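A.B. asks: Chains as they are written, first to last, in the numbering used here: chain H, -8 to 522; chain P, 1055 to 1416; chain W, 106 to 409.
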Amino acid sequence: MGDGVAETVTTTGDAGMARQSRSGKDTLLDARGLTKRFGDILANDRVDLVINRGEIHALLGENGAGKSTLVKMFYGSLEPDGGEILWQGRRVDIGNPAAARDLGIGMVFQHFSLFEALSVVENIALALPNPGRMSELSNRIQSVSRDYGLPLNPGDIVADLPVGIRQRIEIVRCLLQEPQLIIMDEPTSVLTPQEADLLFLTLERLAKEGCAVLYISHRLEEVKRICHHATILRHGQVVRECDPTKETPASLASMMVGADVASVSASAQKPVIGETRLALKNLSAKAATPFATALNNVSLDLRAGEVVAIAGVAGNGQGELFDAISGEMPVAADMVVLDGKPCGNRNITWRRRQNAAFVPEERLGHGAVPGMKLSQNIVLTRHSTGDKLVSAAFLSAANAGKMEQRIKKTYDVRMSHDDPEARSLSGGNLQKFVVGRELDRKPGVLIVNQPTWGVDAGAAALIRQALIDLARSGSAVLVISQDLDEIFEIADRIAVISRGYLSAAEPTDDMNRERVGLLMAGGAEAQGEVA
Amino acid sequence: MRVELVKRKEHSRKMALLSPLIAVGLTAIAAGIIFSISGHNPLSGLYKFFIEPLTQEWSFNATIAKATPLILIACGLSVCYLSNNWNIGAEGQFIVGALFGSALPILMPDFENAATLPLMMVFGVIGGALWALIPAVLKTRFNTNEILTSLMLVYVASLLLDYLVRGPWRDPGGYNFPESAMFSDAATLSTIPGTSLSFAAPITLIVAIVLAVILGKTLKGFEIRVMGESPRAGSFAGFSAKKLTLFSFATAGGLAGLAGTMEVSGALNQLLPTISPGYGFTAIIVAFLGRLNPFGIIVAGFVLALSYIGGEAVQSAMGVSNKIASVIQGLLLFFVLACDTLILYRIRFVGRRGSAGEASHV
Amino acid sequence: MFEAVLLTVITAATPLLIAAIGELVVERSGVLNLGVEGMMIMGAVVGFAVANQTGSGTLGVIAAVAAGMAMSALFGFLVLVLVTNQVATGLALTILGIGFSGLIGEAFIGIPGLKLPDLYIPVLSEIPFFGPVFFQQDALVYISFALVIAVAYFLFRTRLGLVLRSVGDNHGSAHALGYSVIRIRFAAVLFGGACAGLAGAYMSLAYTPQWVENMTAGRGWIALALVVFSSWLPLRVVIGAYLFGAVSVLNLHAQAVELDIPSQLLSSLPYLATILVLVLISANRRLTLVNTPACLGKPFVPDR
């Protein structure tokens, strides 16, 4: 490997030119020809990137484009196979995260690197080389966090804190290291729009103070709004650099995908609303574990023909709501009513026989068994729904195989060889399979939790279109999602979940982001308590 | 040099077959080293231990007699381990099964007819299953760790056996020896006509085949495997983890109890303070070496039974302690577990940092 | 009389305490080593053999610690480097330890052993009642208490202890912050092995100064249960160990007062008590879930 520096090749002339002109005396980090290989896959292929002081630099790309791999090399968690990193003009070998922090590189992780059982101050101490006495560190945390408008209570145990505060801990932890470059991986995916606005203020202040920010996001609106420069990765290579303020979200998206992105629209075809197929009536459930969320008086009517979306920040009871509707968490009988039949105390198989279908958030380990073949994973949800997969307790491998072929073809599930284990599929393909497995039944009621989380744009568009098509054919579809873009794209009505309370579902046309944001931030709760 | 694991995209079928063979090979090498350390020719030691018992009829039959309970218990344990229920108390379930089975000939010695033996076996199954259900119920009701409770019950079962053969069940005409009266003919599991093999062997074979069909071809088998690999996905499929815990423990306990009853009615013909040379623990090794597959377990049962017979053989022929058998059994389980890593991972030996190009793959 | 009972309780509790405090550190780092029994019995036989050959109890204790560590290193290599199933590997360690100890110990059966001397702490040992009970013990009893205090201090007052707890709580995050999860866990596993070896030495050099096959008789497993009982808090291990010590000497004292209870029932009390305690502790779901190290028993493979 070791291609060396001299051979640095840029894939497009533009990018090469850009690098030449961008690196200068203000250059903080200059990566040249970074290459990283995982087995047969080239995750990063001779990537060049220049980050200047005081710049908010967007790193864009689809899932699997190599963004995480690249920043992990900057943060010392991964070792490059080729190329070099210059930090303030000096060639450096970042062997581990501690070395990165010594240089002045901090990172805010997408799935936080926090310890739930430990306190805020212990969490922060773990990332500092010389944390000193805990009491002094607590004072520093309080003053720095107040100074940046991100107040924290150092003694709190992380497990008790909501997601927004957890991100605050990560940011304050970075700030205490007095970094010159902060890497942020999808920071707003867990925030309400209002919380995100606050974050942007912090970032702008940091940039003014001379700190650089490498900002990974797939929310192109916000990239356009706050970033000064953008580098776009595709299949591990830098394909473009641009000034995002001069682009539109659509143009940025097509750079990422390499083609125009098909957009989906629920409003293209007006729904014909039928009778109620799923009713939740004052659905309440206590938290099963100290880490779970209780559900409080959740009510919702889901009618034939429509797509209803439930928005909300992660960890506000979405998983619990899904489990209560699917039957994995039993509740009182009349709290869940399927086609007029009370079934809150019935199991998931009974509900499937009532023609309901479910797609959970976690594909691997909940929706599918990782080490089993796709044909076996079909049996998982369809063994008792009259699909001839089981006769007299014996399984029919032949029928399962036929069904696997059908789903693979209809929903464009791509695989390296026939009938592989679920774990070998990419996120997008596995999601197409898991959704396809349920759509194949033509369910009367479909409940989907995070239908396109971590899925590439092409697969996401296909899945969203399939959900709308199902609704328009007379079924009722409930989508639980954290992605507001997705929700506004496909929903006929929108409800918001916050701390286990659900707001009333209102027509999408009457909703906007600000209102959804307010409901996410506790408005839904207030509404629920009044009701 | 450091060892790195590279995850395979899918399970390696080739390695699934090869890994037990590699493990047996490595164990043989380790055993050879132990023989030479203790001052014996490693090759003749290995021959006496692993090969010679198979060449003579009596020792071959003795191997089958030892393999039978091991296979039967391991079949039950495979249901537990496949479904992620850690029953390590089969030794206790074996003992309690034997006690239940023996209750009939000891308490009602005059009840001698064709129903005696079948009834004893049914009692044995019930006894073993009930004993196994204790940790299972505690797990499902109170979330108690089944590993520790099932093991604790082994000690309790041994003490219970000890109490009975020294106390109420002691043979009144037995000169105060700690043993029960000998069983009548009706309570004795006979040998297959024309051979010196007990009927326990064919019964075990049938159980293994039935279990193989259940595991491989039925929805129940599917449920067991799904629950073991991914309990969350299993509950999404509509399977109940609690019911399966009860089912798997009852199955394992029942089979261990059957093995216990057949051992006392077939091989020993009475109750003694010790009725098992650790079958319940050795069966754990059998289950893993057999890759939790009934046919694999049959082969593995022979390998482990051989270690008992081989241990006796090297003791009498070479003066090596027969304790070497349990060392070899322990090493075998270690190697089996280590080799199973190859099924899901490739192993890379990396020279120095940064010279990944020189890595060699296994 | 009461003094004599208390003395036997201390002797019975000490091996449990030492083995459990070691396993507590291992589990705090997120590793479940079910091989305590196997490491302990190896400690017992090696400690006895070396003390017997050299005539030195100290050398015996050191050798026992080394034997426990060697066993735990084997376990550590399998579960940490080869990522084998921790439950099965711990079981294998126990089976191997019992086998090996039987082989090594065969030559020492029936040979009278060497008992570690009691150390009289000046002045304190002369206090009536308290003196003989607490300050006229052998060195390992004092060490057992020193270990508990040291472990409590280490876990909750030092940076390295914080790192160890963080690895047990979330190995992914600890790895992302740059801590070497495998190295830290390996060190914890070795410490657990050393403690189990020491506990074994106590069995064969102090508790009953002789070698008897399987002489640990499930104490390693009870130590594992004690860790659950303590909800992973060091000081509570002391309470548990002494409680179990008291239960296990009942047999001895019941015979002295000639109670008409089968001795087997009394012998089985520690095992039955273990089950009872586990049920009582585990039934409180909230307590166990909050305190259990979140990564306990879970495999960790770093991405590279």
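Note that CB positions come from ideal geometry on N, CA and C, so glycine has one too. Note that the structure is predicted; figures quoted are calculated from it, not measured.
1. Helix, strand or coil for H/E113, going by three-state DSSP, please let me know.
2. Taking all protein chains shown into account, decide if H/S256 is buried (16 or more other Cβ within 10 angstroms of its Cβ) or exposed.
3. Measuring straight from C-alpha to C-alpha, what distance separates P/I1329 and P/F1148?
4. Looking only at its own chain, which residues have a Cβ that is under 8 Å from the Cβ of H/V38, when we skip the five neighbours before and after it?
5. In the stretch 378 to 426 of chain H, which residue ranges form an unbroken beta strand (DSSP E) of at least 3 residues, counting only runs that do not cross its ends?
6. Would you call the stretch 315 to 325 of chain W and the stretch 192 to 211 of chain W in contact, with 3 or more CB pairs under 8 Å?
7. Could you give the distance in angstroms between the alpha-carbon of P/P1222 and the alpha-carbon of P/S1212?
8. Starting from the C-beta of W/A109, find all residues in its chain whose C-beta is less than 6 Å away, skip the five residues before and the five after it, and write them out in chain order.
9. Counting C-beta neighbours from all protein chains within 10 Å, is the total for H/T1 16 or more, i.e. buried, or is it exposed?
10. Could you spell out where the alpha helix (DSSP H) holding H/Q367 opens and where it closes?
11. Going straight from the alpha carbon of H/S494 to that of P/K1061, what length do you get?
12. Using the Cβ count rule (16 or more neighbours within 10 Å means buried), how would you classify W/F261?
13. Check whether the Cβ atoms of P/Q1110 and W/I200 lie closer than 8 Å to each other.
14. Quick one: is P/A1070 near chain H, going by C-beta distance under 8 Å?
15. Cutting at 7 Å between CB atoms, please list the residues of its own chain near H/R44, excluding the five before and the five after it.
16. Which partner residues of P/T1272 appear in the DSSP bridge assignment?
17. Can you pull the DSSP bridge partners for H/E497?
18. Using the Cα positions of H/A448 and H/T239, report the straight-line distance between them to the nearest angstrom.
19. In chain H, which residues lie less than 9 Å from W/A399 when you measure between Cβ atoms?
20. Should H/E319 and H/A283 be called a contact, given that it needs their Cβ atoms to be closer than 8 Å?
21. Among residues of its own chain, excluding the 5 on either side of W/T397, which ones have a beta-carbon nearer than 6 Å to its beta-carbon?
22. Name, please, each residue of chain W whose Cβ falls closer than 9 Å to the Cβ of H/L461.
23. Is it true that the stretch 204 to 223 of chain H meets the stretch 414 to 426 of chain H, where meeting means three or more beta-carbon pairs spaced less than 8 Å apart?
24. Are the stretch 1344 to 1359 of chain P and the stretch 171 to 178 of chain W in contact at 8 Å, needing three or more beta carbon pairs?
25. For W/A117, which residues in the same chain have their Cβ closer than 6 Å to its Cβ, ignoring the five residues on either side in sequence?
26. Cα-Cα, which of H/V149, H/A250, H/R210, H/N54 is closest to H/F476?
27. Closer than 8 Å by C-beta to H/E497: which residues in its own chain qualify, once you throw out the five before and the five after it? Chain order, please.
28. State yes or no: is the beta carbon of H/M64 nearer than 8 Å to at least one beta carbon in chain P?
29. What residue range does the beta strand (DSSP E) around H/L437 cover?
30. Give me the DSSP bridge partner(s) of H/A221.
31. Taking all protein chains shown into account, decide if P/E1200 is buried (16 or more other Cβ within 10 angstroms of its Cβ) or exposed.
32. Since W/C400 and W/G273 should fall inside the 8 Å C-beta cutoff, what is the C-beta to C-beta distance between them, to a whole number of angstroms?
33. Is any beta-carbon of chain W found at less than 8 Å from that of H/T280?
34. Run the CB neighbour count on H/R428, radius 10 Å, all protein chains shown included, and call it buried at 16 or more, exposed below.
35. Residues of chain W with CB closer than 7 Å to the CB of P/Y1362, please, in chain order.
36. For H/S290, which three-state DSSP category applies?
C.D. replies: Well, looking at it:
1. Here H/E113 sits in helix by DSSP.
2. Flag for H/S256 reads exposed.
3. Approximately 9 Å between the Cα atoms of the pair.
4. These residues qualify, in order along the chain: A22, G24, L25, T26, G57, L61, G74, L224, G227, Q228, V229.
5. As far as the stretch 378 to 426 of chain H is concerned, it has no whole beta strand (DSSP E) run of at least 3 residues.
6. Contact holds: three or more Cβ-Cβ distances are below 8 Å.
7. Rounded to the nearest angstrom, the two C-alpha atoms are 15 Å apart.
8. Within the same chain, W/A109 has no close Cβ partners at all.
9. Low confidence applies here, because H/T1 scores a pLDDT of 38, under 50, leaving its location unreliable; read the following figure in that light. Classification of H/T1: buried, given that the 10 Å Cβ count is 16 or more.
10. DSSP places H/Q367 inside the alpha helix (DSSP H), whose first and last residues are 365 to 373.
11. Cα-Cα distance, rounded: 44 Å.
12. Looking at its Cβ environment, which holds fewer than 16 other Cβ atoms inside 10 Å, W/F261 is exposed.
13. Not a contact, by the Cβ cut-off of 8 Å.
14. With a threshold of 8 Å between beta carbons, P/A1070 makes no contact with chain H.
15. So the list reads D17, L19, G201, A203, once near-sequence residues are dropped.
16. Answer by DSSP bridge pairing, in chain order: H/F385.
17. The partner list for H/E497 (beta bridge, DSSP) reads H/I485.
18. If I take the Cα positions, the gap works out to 17 Å.
19. Within 9 Å Cβ-Cβ: F106, E107, A108.
20. The answer is no: Cβ separation not under 8 Å.
21. Excluding residues within five positions, none has a Cβ falling inside 6 Å.
22. For the C-beta of H/L461, not a single chain W residue is nearer than 9 Å; the gap to the nearest is close to 36 Å.
23. With contact defined as three or more Cβ pairs closer than 8 Å, the stretch 204 to 223 of chain H and the stretch 414 to 426 of chain H are not in contact.
24. Counting Cβ pairs under 8 Å, fewer than three are found: no touch.
25. Spatial neighbours of W/A117 in its own chain (CB-CB distance under 6 Å, excluding positions within 5 residues in sequence) are listed in chain order as G350, S353, V354.
26. Correcting the residue identity first, residue 476 of chain H is Asp in this sequence and not Phe. For the residues H/V149, H/A250, H/R210, H/N54, the minimum Cα distance to H/D476 belongs to H/R210.
27. Cβ within range, chain order: R484, I485, A486.
28. Answer no: the Cβ-Cβ gap between H/M64 and chain P never drops below 8 Å.
29. Segment 436 to 440, the beta strand (DSSP E) holding H/L437.
30. Under DSSP, H/A221 shares a beta bridge with H/A49, H/C233.
31. Classification for P/E1200: buried.
32. Rounded, the Cβ-Cβ distance is 6 Å, consistent with contact.
33. It does; some Cβ of chain W falls within 8 Å.
34. Counting of Cβ neighbours within 10 angstroms places H/R428 among the buried residues, the total reaching 16 or more.
35. None at all; the shortest Cβ gap to chain W is about 12 Å.
36. In the structure shown, the three-state DSSP call for H/S290 is strand.
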